[in-house]
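**Q** Position 65 of the sequence shown, counted from 1, bears residue number 65 in the UniProt record's numbering, the numbering being contiguous throughout.
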Amino acid sequence: MEDIIDWTQEANAVINDVKKHVKTIEISDKLISDGSNIFLNVTLLEGKTMTVLLDNNGFHIVSLEHNSIDEETSETTYETIYALLQAHSEQFINSFGNALVSALEKEVK
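1. Would you mind working out which of 78, 84, 54 sits nearest residue 6, comparing C-alpha positions?
2. From the DSSP output, read off the bridge partner residues of residue 26.
3. I'd like the span of the alpha helix (DSSP H) that includes residue 93, first residue to last.
4. Can you check whether the CB of residue 66 is closer than 7 Å to the CB of residue 41?
5. Residues in the same chain with beta-carbon distance under 6 Å from residue 91, minus the five sequence neighbours each way, listed in chain order, please.
6. Does the Cβ of residue 108 have 16 or more other Cβ atoms within 10 Å, making it buried, or fewer, making it exposed?
7. Along the chain, where does the alpha helix (DSSP H) containing residue 5 start, and where does it finish?
8. DSSP on residue 55, reduced to helix/strand/coil?
9. Ignore the nearest five residues each way along the sequence and tell me which others in residue 99's own chain have a CB closer than 8 Å to its CB.
10. In three-state DSSP terms, what is residue 21?
11. Can you name, in chain order, every residue of its own chain whose Cβ lies under 6 Å from the Cβ of residue 43, other than the five neighbours on each side?
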């Protein structure tokens with residue numbers, strides 16, 4: 001029997017993991033989950049916007065605007081939100097890396 005996934009809970013975990021490294025990230029209130037997925041509106045630190053579909057396959061950019069689905073958008077599916085953000089945001093890489101260095105420095109002291 002397949003486990004039932006609480007997509008809102010999954011999305012909130014993703015949001016909490018990366019919210020310090022993007023300008024904004026939130027669950028779309030316009031694109032409704034069908035029970036097998038959820039949509040996130042993301043604004044990168046560079047100001048670039050996107051709608052990301054989260055489902056059993058992973059993370060997929062479905063539009064370069066919030067609350068939108070565009071059939072012409074990238075076909076790439078990412079296993080993690082980190083992989084997606086690393087591929088599309090140089091500032092995410094810097095922000096996340098700096099946070100890791102800070103955390104390690106605190107552990108050493």
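Beta carbons: idealized from backbone N, C-alpha and C, even for Gly.
Every value quoted in this text rests on a predicted model; they were computed, and no experiment measured them.
**A** So, from the listed chains and residues:
1. As a first step, residue 6 must be located in the sequence shown, where it is residue number 6. Minimum Cα distance to residue 6 is reached at 54.
2. Your numbering for residue 26 matches position 26 in the sequence shown. 41, per the DSSP bridge assignment.
3. Here residue 93 refers to the residue found at position 93 when the sequence shown is read from its first residue. 90-108 is the extent of the alpha helix (DSSP H) around residue 93.
4. Stepping through the sequence shown from its first residue, residue 41 is reached at position 41. Stepping through the sequence shown from its first residue, residue 66 is reached at position 66. Closer than 7 Å, so yes.
5. Counted from its first residue, the sequence shown places residue 91 at position 91. For residue 91, where only same-chain residues beyond five positions count, the Cβ hits under 6 Å are 45, 46.
6. Translated into the one-based positions of the sequence shown, residue 108 becomes position 108. By the 10 Å Cβ count, residue 108 comes out exposed.
7. As a first step, residue 5 is located in the sequence shown; it is residue number 5 there, counting from the start. Residue 5 -> no alpha helix (DSSP H), and no H or E assigned at all.
8. On the sequence shown, position 55 is the one that residue 55 refers to. Residue 55: strand per DSSP, three-state reduction.
9. Reading the sequence shown from its first residue, position 99 is the one you call residue 99. Cβ within range, chain order: 20, 21.
10. The sequence position of residue 21 within the sequence shown is 21, counting from 1. Residue 21 falls in the helix class under three-state DSSP.
11. Residue mapping note: residue 43 aligns to position 43 of the sequence shown, counting from 1. Correct list, in chain order: 23, 24, 49.
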